[in-house]
Amino acid sequence: MVDRREHLRASKSAALAAKEAFVSRYARGRDDRAVGIGLSRSGDEWVVKVLVHTPAAAQELPRQFRNFEVDVEIVGLAEAF
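Under our numbering, the first residue of the sequence shown is numbered 56, with each subsequent residue one higher.
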């Protein structure tokens with residue numbers, strides 16, 4: 056458990072840099088995409104997390120970026136009630 060935390064702590068700056076580069080390349084100026092970092096399903100690695108409005112927006116994105124998995128979720132449009 057300690058090794059996993061140390062690995063994540065040590066690799067966080069690289070994950071944040073990858074997220075910023077991903078935003079520059081795939082999300083800047085696009086209001087249909089939100090980008091962050093999160094943990095993989097196993098909790099062992101950082102992933103670039105992308106929330107998109109449409110399946111078409113999701114299809115345009117890579118599944119890997121700078122040695123990080125890209126986890127894309129289609130969330131649709133937000134509506135105020």
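Backbone N, C-alpha and C fix where the C-beta goes; we use that ideal spot for every residue, glycine too.
DSSP-derived helix/strand/coil call for residue i
i: Arg121; result: coil
i: Val90; result: strand
i: Glu165; result: A question about residue 165 goes unanswered here, because the residues of the chain that appear run from 56 up to 136.
i: Leu116; result: coil
Straight-line gap, residue i to residue j (C-alpha atoms, nearest Å)
i: Ala112; j: Asp86; result: 11 Å
i: Pro117; j: Val125; result: 7 Å
i: Ser66; j: Phe77; result: 16 Å
i: Ser79; j: Gln119; result: 15 Å
i: Glu61; j: Glu100; result: 11 Å
i: Arg64; j: Glu75; result: 18 Å
i: Val107; j: Tyr81; result: 11 Å
i: Gly131; j: Thr109; result: 6 Å
Residue i burial status per 10 Å Cβ neighbour count (16 or more: buried)
i: Val105; result: buried
i: Ala69; result: exposed
i: Val90; result: buried
i: Ala73; result: buried
i: Arg96; result: exposed
Boundaries of the beta strand (DSSP E) in which residue i is found, first to last residue
i: Val103; result: Trp101 to Val107
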